[in-house]
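Right, one structure below, let's go through it.
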Amino acid sequence: MQSTVRFIRRNLLAFSLSLFILFIINLILFTYLNYKAISITASIIPPDELSNKLIDQINQNNSVVVIDKNDLALLEKNKIWAMVIDDKTGKVIWSKDLPKEIPIKYSIKDVALFTRYYLKDYPVFTYINNKGLLVLGYPKDSYGKIPTNAFHVRIVQNLPRNIMYYLLFNLLVVFILYMISKRKLLQSINPITNAICRISNGEKIQLKENGDLLDIKIAVNKTSKQLLEKDSMRTNWIAGISHDIRTPLSLIIGYIDRLSQSKHLDDIEKKELELIQSNSVQIQNLVNDLNLTSRLEYNLVPMKKKDISIVKILREVIVDYMNHEIYSSLYDFNFISDSIPSSTMVNGDEKLLERAFRNLILNSIKHNPQGCQIQIEITMNTAEVNVDISDNGVGVSEEKLKLLNYSVTELIKRNTKTERSHGLGLLIVKQIIELHEGSVNFRSVESHGFKTRITLPLHNKNKT
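When you line the sequence shown up against UniProt numbering, it's residues 1 to 464, in that order.
Okay, here's the thing in structure tokens:
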């Protein structure tokens with residue numbers, strides 16, 4: 001299974017790597033936009049914080065400017081020069097580490113320019129105090145000054161929308177990467193899952209043994225081949241056993257029939273022969289059913305389909321049972337087909353459909369030896385014909401109904417209990433009807449009784 005592990009790992013790694021790269025790009029972008037601000041504020045004391053310390057000291061003395069030596073040391077440490085300009089004369093009345101190129105007298109125009117921009121390429125910050133204007137000059141290239149603090153209204157208005165677009169773009173990229181990864185994964189997995197489903201339905205499969213998930217494909221093909229071989233062996237074994245049993249059984253039934261005609265038998269001997277004959281016929285029917293259901297399971301029964309009248313088949317089956325005294329004396333048959341024209345046709349194998357209908361009637365007879373009413377009703381619509389076969393006998397439990405309504409494949413797997421109570425007859429019914437692209441549904445009738453609905457597609461010429 002190494003190729004499977006590599007395939008899954010490769011796809012997960014590719015998707016994870018894509019997300020990681022997208023994250024790195026966003027991280028780099030964020031870092032780039034904030035690098036200067038972070039680096040400056042981490043190494044140099046901010047102007048507003050420094051000015052608060054100095055202005056408090058400047059305002060305390062009305063005659064001269066006196067600054068604490070600790071604050072002067074702070075200016076030296078951060079390479080910041082400072083000066084106080086008299087607001088009346090424009091002259092510098094106090095300074096600290098003033099560069100040579102910095103003038104010592106300023107006009108209103110000069111103040112307006114360096115307040116907004118730079119003073120001799122130094123970023124400067126101005127603060128009003130009692131003696132005039134405090135100017136703090138920071139090292140060149142330490143701060144970038146924005147010439148204007150006014151922004152167009154549309155820029156501010158569009159900011160939330162642009163942020164939303166940015167987030168949506170990232171989400172879209174993630175979604176596209178996910179869909180690509182998912183599609184690639186499904187393209188490799190879908191053929192395998194479909195093959196497994198087909199195997200569960202007993203179909204033959206053969207996957208191409210190449211590409212991704214090679215180990216799984218080889219294993220699925222091998223499993224399919226082994227299952228088919230086992231099924232073939234089982235079918236051949238059942239056919240062989242059936243043949244071996246039928247031959248001596250036919251001889252036994254023949255000899256019993258001959259012995260039963262003897263005039264030298266007393267009543268006890270006749271009853272014993274009847275019991276032997278009845279059980280022999282039951283074994284013969286069971287062997288035939290076992291052989292038939294095995295062949296139906298693997299589509300080994302040749303289908304002789306033709307257009308047949310469903311009404312005609314049912315009528316012949318019912319008449320056949322009514323002509324047997326043992327059935328007519330205990331069972332009341334009721335056939336309802338008044339609304340169905342005798343020309344109603346289905347396309348199918350006449351013998352197999354007849355077998356299905358006989359099995360359903362025999363099921364009612366078998367489970368109601370005391371007798372009951374058996375009703376056969378035909379209804380139809382524009383596309384289908386429904387055959388309902390019901391009785392008012394002992395009925396069936398909910399648990400058995402649930403088992404009977406499983407699919408043929410599932411019923412074969414779960415048929416241990418069902419076979420003991422219903423034999424193979426109902427399983428054969430489901431197999432025959434499914435071969436005719438129809439459906440079978442079993443249900444209870446009110447508080448008692450049993451009902452089967454067979455639905456078959458009408459032949460095209462019946463459809464309106």
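The beta carbon of each residue, even a glycine, is placed where N, CA and C say it ideally should be.
{"Asked": "Rounded Cβ spacing between Leu136 and Leu74 (contact assumed at less than 8 Å)", "Found": "Between Leu74 and Leu136 the Cβ distance is about 11 Å, and since that is not below 8 Å, they are no contact."}
{"Asked": "Simplified DSSP state of Gly211, which is helix, strand or coil", "Found": "coil"}
{"Asked": "Status (buried if at least 16 other CB within 10 Å, exposed otherwise) for Cys197", "Found": "exposed"}
{"Asked": "Nearest-angstrom Cβ-Cβ length linking Val377 and Asp388, presumed shorter than 8 Å", "Found": "Per the sequence shown, residue 377 should be read as Glu rather than Val. Rounded, the Cβ-Cβ distance is 5 Å, consistent with contact."}
{"Asked": "In DSSP terms, what Arg453 is bridged to", "Found": "Asp388 and Asn441"}
{"Asked": "Which residues DSSP lists as bridging Met83, in chain order", "Found": "Ser95 and Val135"}
{"Asked": "Three-pair Cβ contact test at 8 Å for the stretch 342-357 versus the stretch 432-440", "Found": "yes"}
{"Asked": "Sheet register partners of Asn129 (DSSP bridge)", "Found": "Gly132"}
{"Asked": "Cβ-based burial, Ala82 [other Cβ within 10 Å; buried from 16]", "Found": "buried"}
{"Asked": "Rounded C-alpha distance that separates Thr235 from Thr452", "Found": "29 Å"}
{"Asked": "Beta-carbon separation (whole angstroms), Glu76 vs Asp56, contact threshold 8 Å", "Found": "In fact, because the Cβ distance is near 20 Å, the residues do not count as touching under 8 Å."}
{"Asked": "Rounded separation between Ser390 and Phe450 - CA only", "Found": "6 Å"}
{"Asked": "Distance between Leu13 and Gly211 (C-alpha atoms, nearest Å)", "Found": "19 Å"}
{"Asked": "Outcome for Gly144 when other beta-carbon atoms lying within 10 angstroms are tallied against a minimum of 16", "Found": "exposed"}
{"Asked": "C-beta contact flag for Tyr122 and Lys140 at 7 Å", "Found": "yes"}
{"Asked": "N-terminal and C-terminal residue of the alpha helix (DSSP H) that Ser309 is part of", "Found": "Where Ser309 is concerned, there is no enclosing alpha helix (DSSP H), although the beta strand (DSSP E) it sits in stretches over Lys305 to Ser309."}
{"Asked": "Span of the beta strand (DSSP E), counted from its first residue to its last, around Asn347", "Found": "Met345 to Asp349"}
{"Asked": "Which of helix, strand or coil DSSP assigns to Tyr122", "Found": "strand"}
{"Asked": "Distance CB(residue 523)-CB(Lys120) smaller than 7 Å", "Found": "This structure cannot speak to residue 523, because the chain is shown only from 1 to 464."}
{"Asked": "Segment limits, beta strand (DSSP E) that includes Glu377", "Found": "Cys372 to Met380"}
{"Asked": "Rounded separation between Asp267 and Ser280 - CA only", "Found": "20 Å"}
{"Asked": "Stretch-stretch touch, CB-based, cutoff 8 Å, three pairs: the stretch 392-406 with the stretch 363-383", "Found": "yes"}
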